[in-house]
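Numbering (my numbering) for the sequence shown: 469 to 556. Cβ coordinates follow ideal geometry from the N, Cα and C atoms, glycine included. In this text, all values refer to a predicted model and were calculated from it rather than measured experimentally. Report on the structure given below.
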Amino acid sequence: MITGKEGEVMVSAALVGQVIQSYRLRKGMSQEVLSGLAGLDRTHYSKIERGLRSPTLDTLFKIAQALDIPPSDIVRQIEQQISEYPEP
Numbered sequence: 469m470i471t472g473k474e475g476e477v478m479v480s481a482a483l484v485g486q487v488i489q490s491y492r493l494r495k496g497m498s499q500e501v502l503s504g505l506a507g508l509d510r511t512h513y514s515k516i517e518r519g520l521r522s523p524t525l526d527t528l529f530k531i532a533q534a535l536d537i538p539p540s541d542i543v544r545q546i547e548q549q550i551s552e553y554p555e556p
């Protein structure tokens with residue numbers, strides 16, 4: 469989590485990437501396979517996992533569909549990570 473101007477809460481791209489990566493690894497998929505199933509360029513997908521890019525909502529839904537999970541599971545896991553490990 470990152471606190472932006474005026475105290476607004478923003479989610480770090482790194483956290484989103486970590487959560488997505490953990491789901492991919494649990495499914496035993498390579499980045500290449502998942503990006504293909506999601507219809508994404510593998511290098512773009514790799515940047516999402518490494519926290520260099522934030523996925524759009526559309527991309528998040530494509531990734532969730534490729535993982536065969538509801539997008540809400542990804543969001544819920546991000547929220548849980550934020551609550552367990554808030555930034556100082």
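Distance from the CA atom of Val487 to the CA atom of Glu547, rounded to whole angstroms, is 10 Å. Comparing alpha carbon positions, the residue from Ile550, Leu520 and Asp541 closest to Arg492 is Asp541.
C-alpha of Lys530 to C-alpha of Ile550: approximately 23 Å in a straight line. Leu535 and Thr511 have their C-alpha atoms spaced approximately 18 Å apart.
Unbroken alpha helix (DSSP H) runs of no fewer than 4 residues, entirely contained in the region 474–535, are found at 481–494, 499–506, 510–517 and 525–535, following chain order. Of the candidates Ser522, Leu502, Ile537 and Pro539, Ser522 places its Cα closest to the Cα of Val479.
Per DSSP, the unbroken alpha helix (DSSP H) holding Pro539 starts and ends at Pro539 to Glu552. Taking 8 Å as the cut-off, the beta carbon of Ala481 is found no closer than this to the beta carbon of Leu528.
Ala506 is the residue among Glu517, Gln499, Ile537 and Ala506 whose C-alpha sits nearest the C-alpha of Asp526.
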